[in-house]
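*Asks:* Quick note on UniProt numbering: the sequence shown kicks off at 1 and runs consecutively.
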Amino acid sequence: MASIDIFKALANEHRLLIMHYLKDPTVYFVHETDVDMTEHGVCVGEIQRALGLTQSTTSHYLTMMSKAGLVTPTRLGKWTYYRRNEAAIQELRKFIDKEI
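And the structure:
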């Protein structure tokens, strides 16, 4: 785990909101397709609408978070879905508990 990359990714209110929203996506997103949000995640467009940001900014944030290991992308057809990487979040918890 590159902790500095994780902390950089979390050092933004919108990226923190993404993590919050993805914790329980059925509460924050109206899902209109057959894709299971708990299994595959939430489409970039739905995250964008919830945040009120442009598609490019939202995609940039999600790419940054993906590179840090906080979220996992799944490509289905022409859409990319994102969900939290709970294993990485648990490792971050352990790191904070031990090192900070």
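Here a beta-carbon is modelled for each residue, glycine too, at the ideal position from N, C-alpha and C. Computed from a prediction, not measured in an experiment: that's the story for all the values here.
In the DSSP output, which residue or residues are listed as bridge partners for P73?
*Replies:* For P73, the beta-bridge partners assigned by DSSP are Y82.
*Asks:* Around the C-beta of V96, are 16 or more other C-beta atoms found within 10 angstroms, so that it is buried, or is it exposed?
*Replies:* Looking at the sequence shown, residue 96 is not Val but Ile. Its Cβ having fewer than 16 others within 10 Å, I96 is exposed.
*Asks:* Any heavy atom of the ligand NAP closer than 7 Å to the Cβ of I18?
*Replies:* Among the ligands in the structure shown, none appear at all, so the ligand NAP cannot be discussed.
*Asks:* Sort L76, R15, K98 and K78 by Cα distance to I47 and report the nearest one.
*Replies:* R15
*Asks:* V35 by DSSP, collapsed to three states: which one?
*Replies:* coil
*Asks:* Going by the beta-carbon positions, is the gap between V44 and T80 smaller than 8 Å?
*Replies:* Their beta carbons are under 8 Å apart, which means V44 touches T80 by this criterion.
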